[in-house]
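Numbering (the numbering used here), first residue to last: 8 to 324. Note that CB positions come from ideal geometry on N, CA and C, so glycine has one too.
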Amino acid sequence: MIVIEEEQVRRILTPEKCLEVMRRAFCDLEEGKCAMPQRLICTMPNTAAFGFMPAYVGDYFGAKVISAYALNMGTKYPSHIGYVILFESEHSTVAGLIEAGSITEIRTGCVSALATQLLARDDARSLALIGAGAQARSHMAAIRLVRKISRVTVYDINPAAAERFAEENRERYGVETIVCADAAEAVRDADIICTLCPAKEPYLTADMVKPGAHVNAVGTFSPTTREAASDLIAAGKLYTDYTPSAVKESGEYLIPLKEGLIGEDHIRGSLGELLLGKAEGRRDDREITVFDALGLAVEDVAGARMVYEEVRSEDRQ
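Printed below as a string of structure tokens:
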């Protein structure tokens, strides 16, 4: 067994490589080549969400064991801490232990980028980020690979974090980056909107989003939490990372369903179905599309597999 820490993960799992790993993983999941039991998420007495997320991807299987602790945001400690335990399938032995926080960060931005590539308008150029932490950085790095981003707006409840992100973004990519006073200002003219905060109550409403925009709702992952309000979900075309998980765990879907604002058929398709041409995407330039991402174990195990195999290949050289 080998242990692979964050530095190696970031060196190997670049956004460019991760995009293709995620594309393959979602196609394999939709075609039944992967198995993904429902994850277990427990709330610890200190409020941390402690998750066990298992998946089987063919030649490997494993689970991400991770804590998501919102109180670490803005401190020197990461909000997601854990490892992916990777087993090889032939003999079911432990192959590796791969740092999970970096995998989670990188793969999440890349999954949103895939959804953006499939659902956003071809001429989308402006990007709004609600949240200025690690996910803002990963989403910028990945989405710029699928759309020519020329303007970024960012809002964070911590203005200093937003200012730091804006400065870094201008220096790294040479893109106009504007810090906004609130979420409404940030999304007002945005073609692509990414909500990246662990919110308990929705803050993105239909009247805040212009016709033709695409939304990646990323920050929440439970039946009782959401970032997008019911009126936005009802007004938009809703897509999921994996529909069997969304109908059990997505507050974006379950809350407006309970309120009677949408029906059970409101989900138009999953990312895998879009990739395989089994679901229809955007039909015109005025539709609002919403991609609701819970985060899937197959993403983590597929990412860990790629990193593990790369490290083993380097060791053999």
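Output the distance between the C-alpha atoms of residue i and residue j, rounded to the nearest integer angstrom.
| i | j | result |
| --- | --- | --- |
| L312 | K40 | This sequence places Arg at residue 312; Leu is not what is there. Between R312 and K40, the C-alpha separation is close to 15 Å. |
| A253 | H98 | 33 Å |
| E317 | I19 | 7 Å |
| C187 | A197 | 12 Å |
| G284 | A169 | 38 Å |
| A120 | G267 | 31 Å |
| L26 | R114 | 8 Å |
| A206 | K83 | 21 Å |
| D189 | E174 | 18 Å |
| D129 | R323 | 43 Å |
| R290 | A55 | 41 Å |
| C201 | I164 | 15 Å |
| I199 | I150 | 9 Å |
Starting from residue i, follow the alpha helix (DSSP H) in both directions and report where the run begins and ends.
| i | result |
| --- | --- |
| L121 | A107 to L126 |
| A304 | A304 to R323 |
| V182 | It is not in any alpha helix (DSSP H) - V182 carries neither H nor E in the DSSP assignment. |
| S86 | Looking at the DSSP string, S86 is not in any alpha helix (DSSP H), and its letter there is neither H nor E. |
| K265 | G258 to E266 |
| K24 | P22 to E37 |
| A135 | Not the alpha helix (DSSP H): A135 falls in the beta strand (DSSP E), residues S133 to I137. |
| S145 | A141 to I150 |
| V16 | E13 to I19 |
Nearest to residue i by CA position, among the options, is which residue?
| i | options | result |
| --- | --- | --- |
| I4 | K24, V28, E95 and G65 | Examination of residue 4 is not possible in this model, given that the chain is present from 8 through 324 alone. |
| A224 | G302, V308 and L78 | G302 |
| A70 | N79, G58 and Y76 | G58 |
| I156 | F298, T123 and R114 | T123 |
| R132 | A149, R154 and A148 | R154 |
| L136 | L125, V159 and M215 | V159 |
| C117 | R144, M215, E178 and R275 | R144 |
| I1 | R195, K255, I262 and V161 | This structure cannot settle anything about residue 1, because the visible part of the chain is limited to 8 through 324. |
| A309 | Q45, G65, G81 and P44 | G65 |
How would you call residue i, buried or exposed, if buried means at least 16 neighbouring beta carbons within 10 angstroms?
| i | result |
| --- | --- |
| P52 | exposed |
| P166 | exposed |
| G279 | buried |
| Q142 | buried |
| C49 | exposed |
| S277 | buried |
| D272 | exposed |
| T250 | buried |
| P22 | buried |
| V314 | buried |
What residue does the beta strand (DSSP E) around residue i start on, and which one ends it?
| i | result |
| --- | --- |
| A62 | A56 to Y63 |
| F298 | T296 to D299 |
| C201 | I199 to T202 |
| I48 | L47 to T50 |
| S74 | Y67 to A75 |
| G219 | Counting along the chain, G219 falls outside any beta strand (DSSP E), and DSSP gives it neither H nor E. |
| V159 | R158 to Y162 |
| L245 | K244 to T247 |
Round the Cβ separation of residue i and residue j to the nearest angstrom and send it over; I've been treating them as touching at under 8 Å.
| i | j | result |
| --- | --- | --- |
| G226 | G140 | With 8 Å as the limit, G226 and G140 do not qualify as a contact, their Cβ atoms being about 10 Å apart. |
| I269 | I240 | 6 Å |
| S74 | R17 | Between R17 and S74 the Cβ distance is about 20 Å, and since that is not below 8 Å, they are no contact. |
| D236 | T212 | In the sequence on display, residue 236 carries Ala and not Asp. Contact flag correct, Cβ pair sits at about 5 Å. |
| M60 | A220 | That belief does not hold up - the Cβ atoms of M60 and A220 are roughly 30 Å apart, past 8 Å. |
| L125 | G288 | 6 Å |
Is any heavy atom of the ligand GTP found at a distance shorter than 7 Å from the C-beta of residue i?
| i | result |
| --- | --- |
| A56 | Absent from the structure shown: the ligand GTP. Ligands present: none. |
Could you tell me whether the Cβ of residue i comes closer than 8 Å to any Cβ of chain D?
| i | result |
| --- | --- |
| Y246 | The structure shown has no chain D; it contains just one protein chain. |
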